[in-house]
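First to last, the protein sequences are chains D and B.
Going by the numbering used here, the first sequence opens with residue 1, and the numbers climb by one from there.
Going by the numbering used here, the second sequence opens with residue 1001, and the numbers climb by one from there.
Written out below as structure tokens is the structure these notes cover.
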Amino acid sequence: MRLEARGALSPALAIAAPVAAIACTLVVAALFVAWAGAPVGRTYALIFEGGFGSRFAWSETLTRATPLMLTGLAATIAFRAHLYNIGAEGQLYAGALAAVAVGGLHGGAALDLPAPVLFAAMIAAATIAGAILMALPAFAKTRFGVDEVVTTLLLNFIVLLFVSMMLDGPMKDPTAMGWPQSVALDEAVELPKLVERTRVHAGLLVAIALCVLAWAAMRLTTFGFEVRAVGANARAARFAGVPVTRTLMLVAIASGAVAGLAGAIEVAGRTGYVTLDMSPGYGYTGIVIAMLAGLNPLGVIAAAVFVAGVLVGADSMSRAVAVPTYIADVIVAFALLAMLVAAAAVRYRVRWR
Amino acid sequence: MPDPVLRLDGITKRFGSLVANDAVSLTLARGEILALLGENGAGKSTLVSILFGHYVADAGTIEAFGRPLPPGDPAAALAAGVGMVHQHSTLADNLSVLDNVMLGTEPLWRPMSKRREGRARLVATSKRFGLAVDPDARVARLSVGERQRVEILKALYRDARVLILDEPTAVLTPQESEALFATLRGLCADGLSIIFISHKLDEVLRVSDRVAVLRAGKLVATLPASGTAKSTLAEVMVGRPIPPPVAKPHARGDTVCVLDHVVVRGERAGERLDDVSLSLRSGEITAIAGVSGNGQAALVDVLCGVRAADAGTVKLAGRALAADPAAWVAAGTARIPEDRRDVGAIGALPVWENAISERYRKPFASAGIVRRAAARAFARKLCDRYDVRGAGIDAPAGALSGGNMQKLIVGRALSGGAARADQYLPTLVVASQPTWGLDAGALAWVHQQLLDTCARGAAVLLVSEDLDEILALADRIAVMHAGRLTPARAASSWTLADIGLAMAGEGARDAA
Chain D
1 MRLEARGALS PALAIAAPVA AIACTLVVAA LFVAWAGAPV GRTYALIFEG
51 GFGSRFAWSE TLTRATPLML TGLAATIAFR AHLYNIGAEG QLYAGALAAV
101 AVGGLHGGAA LDLPAPVLFA AMIAAATIAG AILMALPAFA KTRFGVDEVV
151 TTLLLNFIVL LFVSMMLDGP MKDPTAMGWP QSVALDEAVE LPKLVERTRV
201 HAGLLVAIAL CVLAWAAMRL TTFGFEVRAV GANARAARFA GVPVTRTLML
251 VAIASGAVAG LAGAIEVAGR TGYVTLDMSP GYGYTGIVIA MLAGLNPLGV
301 IAAAVFVAGV LVGADSMSRA VAVPTYIADV IVAFALLAML VAAAAVRYRV
351 RWR
Chain B
1001 MPDPVLRLDG ITKRFGSLVA NDAVSLTLAR GEILALLGEN GAGKSTLVSI
1051 LFGHYVADAG TIEAFGRPLP PGDPAAALAA GVGMVHQHST LADNLSVLDN
1101 VMLGTEPLWR PMSKRREGRA RLVATSKRFG LAVDPDARVA RLSVGERQRV
1151 EILKALYRDA RVLILDEPTA VLTPQESEAL FATLRGLCAD GLSIIFISHK
1201 LDEVLRVSDR VAVLRAGKLV ATLPASGTAK STLAEVMVGR PIPPPVAKPH
1251 ARGDTVCVLD HVVVRGERAG ERLDDVSLSL RSGEITAIAG VSGNGQAALV
1301 DVLCGVRAAD AGTVKLAGRA LAADPAAWVA AGTARIPEDR RDVGAIGALP
1351 VWENAISERY RKPFASAGIV RRAAARAFAR KLCDRYDVRG AGIDAPAGAL
1401 SGGNMQKLIV GRALSGGAAR ADQYLPTLVV ASQPTWGLDA GALAWVHQQL
1451 LDTCARGAAV LLVSEDLDEI LALADRIAVM HAGRLTPARA ASSWTLADIG
1501 LAMAGEGARD AA
């Protein structure tokens, strides 16, 4: 068996391939649903309804999609330059902790600053915390050739333990009745709700705006060219005159900052304080979203909404029929595999000897 | 033909829509040297890969010594007495010559290796064919020519009666090539038959009895070597007459680039420069000859701004420049790298971005925004002017054929981002193996571009392994060996033998 490159790319195939990928995903997930002994059609209907079927469903999906867009964007920016940031989870927590450190009610009172200044300082602290966490592995990579996959992955555990220490120590909320949870954020710096009586907050607009901005920057600016050139072939980029090390460092800072911002926005828009379970793996799911989006920042918006919808829908479905919510992970994981195969199928054809 | 040792009948092999071999039929007689001549991509390698069992033909049969050879079975080819010597050494560097020769000849489950018998047999084989080797020498310490001898011995040790040599002279000095030819003639006198693959006309005429010419997968002619003119052979190989490149008369100018006692310390021998001095004048082509891997890459890297010299000075137009490719491009260096697919172009990006990749900040951007319309218009003009053919400027550059990719890279370098030819002239052209792997048409085109740019007043540095190319183009020649460079002398003062000696490292006497 061998792969042969197709000549010209066919537009019909480029549309048909992702459709086929989604169809395959549903068929495979249906096998698991049937295995769990639930009616397949009704289960899918419930997932769809729970994710996208009502105003409430949409609000929950978009609330869940907000941090996913940001972590997906963080992965997209880095992966485009072939810099493998697996540490968005840790950067998100670091950003959240930094946000509360600046904007929180320590000893019952916030810092004595006007709200806009405090808000700006909070956002700055979160992005800087995330950026530093990614800049260190990038420096180790460009200077000493240390594999960033390993360093960023392991930093996640260090950060989580550090957050745990802070939540049980200096930043612990004395009024939380012993729960490991940080002090609350000053209400003055919380993000406004977009829709009354829902949890959708202004962070969604920030996330969408950043995705659009990143898309434009990738496409239109010299920095975007540098990132794509370094990612496609660092040797050739260096030969052409692209400052490879500088580009990688800037990409690392941008990627880490966006992941750190995701933490601040979760705290300021949804939770109001930091807990150790505030992110059910948003940082790792961001990697899946980036790949689903084909590393296109605009695609990240759609992929994040899709994944969030499936997760939210599966939650409500599992309350109605006896299928565990883990079916959502199966659907998302298989969608990713099917998309990768579909992308390859658009460019190659398989030959059996 | 009395008793052919090998008979190929109607061999056809397709890769997708490409027909690599189209009904090729050939015979090889006992004691004959048959040259397989053709351009890159003509189907030579595919044909011998089928013969040796690496590929399975879509149609056609092979007979060795009157018996059919099963397709796709290298072990059967070996057993039938067909031996192959690959272009690049396939020996294990950290084993001895004897180990390498015996490797694969003994069953794995036998507890003890019969090294004594193996050694006796190797020594006998080497005596019989006059191929002297030291059985205990480590292969890593051998020269390229010696390694090739081991490869041939390895085939003979397995009782090969037909030897296939794939471009065996590509890595040899002229003297080593001569020695190889003598060896091959000796083997033939002993009754072996040889298939010799090459695209070099001179050596094909010198060594072979018959020449089989492949073009676009088809066997277009089989000619006797004696009495056939080189020009005839060239025309049959290419399919049309190729006019030789013409140098317009022009004046020599001032020195524009000076390397003074330059040292580069690399990890491997091939990456080092050892006290290299050279000056390049405008209106002059200076060629660096030498077997590749003797420091040429380090020299080119320094002159392309990719790396800094560890000691010594490098000046372009009187200025010392930082090791920054952008600075060298801005100072007027036109750079044609050796590895066009992996260094010269970014294959995943479209042709138009590759056309401006050396000048994406200036002039094709302002305030950090790429001037897309201007860049695309320039790319279109570039493709037009330098005849880059492909699927258009939005197709990925990696989809271009080798010749078209080289035209894009040469055009990008020589045009300097200017729309018209008279708006830009590079100060220095650094061309490293600029015609490697190109067909005759693209090769002649590249040569003409270098000659024209030189005639307009640029200094040209040509680094090449191909002595024909160097002798055809160079005004001055210097030879590189083990990181050292001989003084550059007028091309007319070198003989082929001188260059060969210098390539082998024996020109140091002259330099002293």
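The beta carbon of each residue, even a glycine, is placed where N, CA and C say it ideally should be.
The model shown is predicted, which means the values in this text are computed figures rather than measured ones.
Quick one: give me the first and last residue of the beta strand (DSSP E) that residue i is part of.
i	result
Asp1202 (chain B)	First-last for Asp1202 (chain B): Leu1201 to Val1207, but that is the alpha helix (DSSP H), not the beta strand (DSSP E).
Asn156 (chain D)	That residue, Asn156 (chain D), is in no beta strand (DSSP E); its alpha helix (DSSP H) goes Glu148 to Asp168.
Arg1014 (chain B)	Pro1004 to Phe1015
Ser1025 (chain B)	Leu1018 to Ala1029
Thr1534 (chain B)	What is shown of chain B runs 1001 to 1512, which leaves residue 1534 (chain B) out entirely.
Thr1313 (chain B)	Ala1311 to Leu1316
Ile1164 (chain B)	Val1162 to Asp1166
Gly130 (chain D)	Per DSSP, Gly130 (chain D) belongs to no beta strand (DSSP E); it is in the alpha helix (DSSP H), Ala115 to Phe144.
In terms of residue numbering, what span does the alpha helix (DSSP H) encompassing residue i cover?
i	result
Cys1257 (chain B)	Careful: Cys1257 (chain B) lies outside any alpha helix (DSSP H), inside the beta strand (DSSP E) at Thr1255 to Val1264.
Pro297 (chain D)	Pro297 to Ala320
Met69 (chain D)	Arg55 to Arg80
Gly1118 (chain B)	Arg1115 to Phe1129
Met1503 (chain B)	Leu1496 to Met1503
Ala1050 (chain B)	In the sequence under discussion, the amino acid at residue 1050 (chain B) is Ile, which differs from the Ala named in the question. Lys1044 to Leu1051 is the extent of the alpha helix (DSSP H) around Ile1050 (chain B).
Phe270 (chain D)	One detail in the question is off: residue 270 (chain D) reads as Arg in this sequence, not Phe. Element bounds for Arg270 (chain D): n/a, residue is neither H nor E.
His106 (chain D)	First-last for His106 (chain D): undefined, no H or E at that position.
His1447 (chain B)	Ala1440 to Ala1455
Could you name the residues of the same chain whose beta carbon sits closer than 8 Å to that of residue i, not counting the 5 residues immediately before and after it, in chain order?
i	result
Val1514 (chain B)	Look at the range of chain B in this structure, 1001 to 1512, and you will see that residue 1514 (chain B) is not part of it.
Leu194 (chain D)	Val200, His201, Ala202, Leu204 and Leu205
Ser1415 (chain B)	Leu1382, Arg1385, Tyr1386, Ala1421 and Tyr1424
Ser1049 (chain B)	Tyr1055
Leu1172 (chain B)	Val1144, Gly1145, Gln1148, Leu1180 and Val1291
Arg1476 (chain B)	Glu1284, Ile1285, Thr1286, Ala1287, Ala1488, Arg1489, Ala1490 and Ala1491
Phe1364 (chain B)	Ile1356, Val1370, Arg1371, Ala1374, Ala1375, Phe1378 and Gly1417
For residue i, I'd like the list of residues in its chain whose CB is within less than 6 Å of its CB, leaving aside the five on either flank, ordered along the chain.
i	result
Leu1496 (chain B)	Pro1174
Arg80 (chain D)	Val227, Gly231 and Leu295
Leu26 (chain D)	none
Buried or exposed for residue i, please, with buried defined as at least 16 other CB atoms from any protein chain shown within 10 angstroms of its CB.
i	result
Gly1368 (chain B)	exposed
Asn1354 (chain B)	buried
Gly1066 (chain B)	exposed
Val1276 (chain B)	buried
Pro1107 (chain B)	exposed
Ala1079 (chain B)	exposed
Leu213 (chain D)	exposed
Phe144 (chain D)	exposed
Ala997 (chain B)	Not covered by the structure: residue 997 (chain B). The range shown for chain B is 1001 to 1512.
Trp1109 (chain B)	exposed
Phe157 (chain D)	exposed
Asp1202 (chain B)	exposed
So the candidates are the options; which of them puts its Cα closest to the Cα of residue i?
i	options	result
Ala1059 (chain B)	B:Pro1107, B:Ser1198 and B:Ala1023	B:Ala1023
Val332 (chain D)	D:Val183, D:Ala21 and D:Ile123	D:Ala21
Leu1428 (chain B)	B:Asp1093, B:Ala1455 and B:Ala1298	B:Ala1455
Thr76 (chain D)	D:Ser255, D:Ser279 and D:Gly50	D:Ser255
Leu1028 (chain B)	B:Ser1126, B:Cys1188 and B:Lys1127	B:Cys1188
Cys1190 (chain B)	B:Ala1182, B:Phe1196 and B:Ile1197	Reading the sequence as shown, one finds Asp at residue 1190 (chain B) and not Cys. Checked all of B:Ala1182, B:Phe1196 and B:Ile1197; the closest Cα to Asp1190 (chain B) is B:Ala1182.
Ala17 (chain D)	D:Tyr348, D:Ala342 and D:Arg349	D:Ala342
Met278 (chain D)	D:Ser164, D:Tyr348 and D:Gly50	D:Ser164
Ala1327 (chain B)	D:Ala314, D:Arg270 and D:Ala240	D:Ala240
Ala1170 (chain B)	B:Asp1136, B:Gln1087 and B:Ser1366	B:Gln1087
Ala57 (chain D)	D:Leu311, D:Tyr348, D:Leu340 and D:Ala328	D:Leu311
Thr1105 (chain B)	B:Gly1010, B:Leu1122, B:Asn1094 and B:Ser1089	B:Leu1122
Pro1337 (chain B)	B:Asp1274, B:Leu1037, B:Gln1406 and B:Leu1501	B:Gln1406
Grab me the residues of residue i's own chain with a C-beta within less than 7 Å of its C-beta, minus the 5 sequence neighbours each way, in chain order.
i	result
Ala1511 (chain B)	With a pLDDT of 43 at Ala1511 (chain B), under the threshold of 50, the predicted position of this residue should be treated as unreliable, though the coordinate-derived value follows. Cβ neighbours of Ala1511 (chain B) beyond the five flanking positions: Thr1486 and Pro1487.
Glu1469 (chain B)	Thr1435
Cβ contact (3+ pairs, closer than 8 Å) linking the segment 1038–1051 of chain B and the segment 1106–1126 of chain B: Flag = no, the segment 1038–1051 of chain B and the segment 1106–1126 of chain B do not touch.
### Query
Would you call the segment 1250–1267 of chain B and the segment 1311–1326 of chain B in contact, with 3 or more CB pairs under 8 Å?
A contact exists between the segment 1250–1267 of chain B and the segment 1311–1326 of chain B.
**OP:** Spell out a yes or no on whether the segment 1007–1022 of chain B and the segment 1142–1154 of chain B are touching, meaning 3 or more CB-CB pairs, one atom from each, closer than 8 Å.
**Re:** The answer is no - the segment 1142–1154 of chain B does not touch the segment 1007–1022 of chain B, with fewer than three Cβ pairs under 8 Å.
Practice task
Check whether the segment 54–68 of chain D touches the segment 252–272 of chain D, counting contact only when three or more Cβ pairs, one atom from each stretch, lie closer than 8 Å.
Solution key: A contact exists between the segment 54–68 of chain D and the segment 252–272 of chain D.
At least 3 beta-carbon pairs within less than 8 Å: the segment 113–133 of chain D vs the segment 296–308 of chain D = Verdict: no, contact absent.
Stretch pair the segment 40–54 of chain D + the segment 242–255 of chain D: three plus CB contacts closer than 8 Å: Output reads no: the segment 242–255 of chain D does not touch the segment 40–54 of chain D.
Inset, instruction - May I ask you to verify whether the segment 1448–1462 of chain B touches the segment 1222–1230 of chain B, counting CB pairs closer than 8 Å and requiring at least 3? - result: The way I'd put it, the segment 1448–1462 of chain B doesn't touch the segment 1222–1230 of chain B; fewer than three beta-carbon pairs between them come closer than 8 Å.
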